[in-house]
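First comes the structure, then the notes that go with it.
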Amino acid sequence: MKRRLWKVIFLMVAVGFMSGCAKPEPPRVLWPPLPDTPRLEWLGVYYSEADFPRSRGESLVQSAMGNAGLDYFGRPLGIATDGKGLVYVSDADKRIVRVFDFNRRIVRPFADGRRFQGVLGVEVDSSGNVYIAEGGTRKVLVFSASHRPLFAFGDEEIFERPVKLAINERLERIYVSDGAGHRIAVFDMQGEHLFSFGHHGSGHGEFYSPQGMAIDDKDRLFVADQFNARIQVFDAEGQFLYAFGERGNRQWNFEMPKDLAFDSDGNLHVVDTRKAALITYRPEGDLLLFTGGKPTISPVGFSMPVSLAIDGNDQIYITDSLNRRFVHWRYFSEEYLRSNPFGESSGASPGER
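Mapped onto mature numbering (1 follows the signal peptide of the UniProt record, and there is no 0), the consecutive letters of the sequence shown carry residue numbers -22 to -1, 1 to 331.
Here it is as structure tokens:
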């Protein structure tokens, strides 16, 4: 008891002392590094609540108290953000979803720690409602922003294994990829099944385990056709428009594209699991940036990236399943760069080539 009391007193005194000492700003990690114009900034890597930025005093307390009670990932898969500081991450091994609250710098279990049957993809709409693809029940579960169950949709007649989701609120449609069924199922916002498209194959409009999806400002649906190593593009009704990408070892080639998302400039970011890379294409289809490219435990790299989310502020979140974490980046838009030009005095350290 006395030792604990003295420990508490020591921490209180230390925190009071340290609060008067400014914590030095770490160098910025930019990619590509200066003197090139940076397009990405690495902001952090998250294994648990302990990885939120802390003041020097808070870090001292955390170090003294240890990591007891912290909840770490088993196998993080899906990731989504509400764009207001909440990041939802599904954990396939522990069968739960965690909420990383960047405003309060805490992590809490989703829906009172509810355990799911094969939790996979996660998505959030503009009202904060949360959609979870549950592979074990072949359903999509919908929760309110306060994590209250609302409704579920889908069944074994529609899905073999729902994997990932994309929501087009302009057209009031929900797209769900079926990795085992090699198709995309389309629903209205109330969960009524409208139609499905695609089947197993390598031709136009055919899939070999479709995964992540993204919707551009023209309502076109971009689908990561995983084992065909390409991206296919469809109109809102599921009509094939075009495809790009092929298997290969060049930077602009794919090996296993797993998920994708657009930034505010309309660039398409694709995570390739087998390449352990984030590949960024301009709206015209030209390669803009290649990040990563070799499995690593480095904080700024990836070992097995599987899911990607980008919010309206160009914050990028990527689950790195094998490293049991997610990585936080930021994209610098053209508008940002015009207002905040970089120079040699930007205090940046080189990114990972």
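For glycine and all other residues, C-beta sits at the position ideal for the given N, C-alpha and C. Quantities reported herein were computed from a predicted structural model and do not represent experimental measurements.
Buried versus exposed call for residue i [16 or more other C-beta atoms within 10 Å across all chains shown]
{"i": "Phe173", "result": "exposed"}
{"i": "Ser187", "result": "buried"}
{"i": "Thr15", "result": "exposed"}
{"i": "Ile(-14)", "result": "Bear in mind that a pLDDT of 44 at Ile(-14), under 50, signals an unreliable position, so the number given afterwards is only what the model happens to contain. With fewer than 16 other Cβ atoms within 10 Å, it is exposed."}
{"i": "Arg228", "result": "exposed"}
{"i": "Gly290", "result": "exposed"}
{"i": "Tyr220", "result": "exposed"}
{"i": "Ser105", "result": "exposed"}
{"i": "Glu313", "result": "exposed"}
{"i": "Ala207", "result": "buried"}
{"i": "Pro319", "result": "exposed"}
{"i": "Trp(-17)", "result": "With a pLDDT of only 47 at Trp(-17), under 50, the local geometry of the prediction cannot be trusted, and no value is derived from it."}
{"i": "Asn245", "result": "buried"}
{"i": "Gln189", "result": "buried"}
{"i": "His160", "result": "buried"}
{"i": "Ile110", "result": "buried"}
{"i": "Val(-10)", "result": "Bear in mind that a pLDDT of 45 at Val(-10), under 50, signals an unreliable position, so the number given afterwards is only what the model happens to contain. Val(-10) should be labelled exposed."}
{"i": "Glu3", "result": "exposed"}
{"i": "Gln217", "result": "exposed"}
{"i": "His182", "result": "exposed"}
{"i": "Ile275", "result": "exposed"}
Own chain residues within Cβ distance below 8 Å of residue i, not counting five before or after
{"i": "Ile57", "result": "Val65, Tyr66, Val67, Ser68, Val100, Ser285, Leu286, Ala287, Tyr295, Ile296, Thr297, Phe304"}
{"i": "Pro127", "result": "Ala89, Leu119, Val120, Phe121"}
{"i": "residue 393", "result": "Lying before the first or after the last residue shown, residue 393 is absent from the chain, which here runs from -22 to 331."}
{"i": "Gly169", "result": "Val118, Val120, Phe129, Ala130, Phe131, Gly132, Ile152"}
{"i": "Asp197", "result": "Asn146, Arg148, Leu149, Asp213, Ala214"}
{"i": "Gln95", "result": "Arg73, Glu112, Gly113, Gly114, Thr115"}
{"i": "Arg86", "result": "Arg76, Val77, Asp79"}
Helix, strand or coil at residue i [DSSP, three-state]
{"i": "Arg(-20)", "result": "Annotation note: pLDDT 48 at Arg(-20) (below 50); position unreliable, no value reported."}
{"i": "Ala207", "result": "coil"}
{"i": "Ala28", "result": "helix"}
{"i": "Leu8", "result": "strand"}
{"i": "Asp298", "result": "strand"}
{"i": "Gly91", "result": "helix"}
{"i": "Glu224", "result": "coil"}
{"i": "Arg86", "result": "strand"}
{"i": "Leu(-12)", "result": "The pLDDT assigned to Leu(-12) is 46, lower than 50, so where the model puts this residue is not dependable; a value taken from the coordinates is nonetheless given after this. In the structure shown, Leu(-12) sits in a helix (DSSP, three-state: H, G or I)."}
{"i": "Trp20", "result": "strand"}
{"i": "Tyr109", "result": "strand"}
{"i": "Trp230", "result": "coil"}
{"i": "Asp60", "result": "coil"}
{"i": "Asp14", "result": "coil"}
{"i": "Phe320", "result": "coil"}
{"i": "Arg303", "result": "strand"}
{"i": "Lys72", "result": "coil"}
Same chain, Cβ closer than 6 Å to residue i, five either side skipped, listed in chain order
{"i": "Ser242", "result": "Asp292, Ser311"}
{"i": "Gly157", "result": "Arg139, Val141, Ser187"}
{"i": "Arg53", "result": "Ala70, Asp71, Ser299"}
{"i": "Gly223", "result": "Arg208, Ile209, Phe232"}
{"i": "Arg331", "result": "Note that Arg331 scores 34 on pLDDT, short of 50, meaning its location in the model is unreliable; the coordinates nonetheless yield the value given after this. Excluding residues within five positions, none has a Cβ falling inside 6 Å."}
{"i": "Phe137", "result": "Arg116, Asp156"}
{"i": "Met167", "result": "Glu150"}
Opening and closing residue of the beta strand (DSSP E) in which residue i lies
{"i": "Ser68", "result": "64 to 69"}
{"i": "Tyr50", "result": "Unbroken run through Tyr50: none, as it is neither H nor E."}
{"i": "residue 348", "result": "The shown model of the chain, from -22 to 331, leaves out residue 348, and the question about it has no answer."}
{"i": "Glu101", "result": "97 to 102"}
Segment limits, alpha helix (DSSP H) that includes residue i
{"i": "Leu315", "result": "312 to 317"}
Neighbourhood of residue i by C-beta distance below 7 Å, restricted to the same chain and skipping five residues each side
{"i": "Asp29", "result": "Gly22, Val23"}
{"i": "Glu27", "result": "Leu48, Ile84, Val85"}
(request) Ignoring anything shorter than 3 residues or poking outside the segment 244 to 292, list the beta strand (DSSP E) runs there in chain order. (result) 246 to 250, 255 to 259, 265 to 270, 283 to 288
(message) Extract the residue ranges of the beta strand (DSSP E) inside the segment 111 to 190, only unbroken runs of 3 or more that lie entirely within it.
(response) 117 to 121, 127 to 131, 140 to 146, 151 to 156, 161 to 166, 171 to 175
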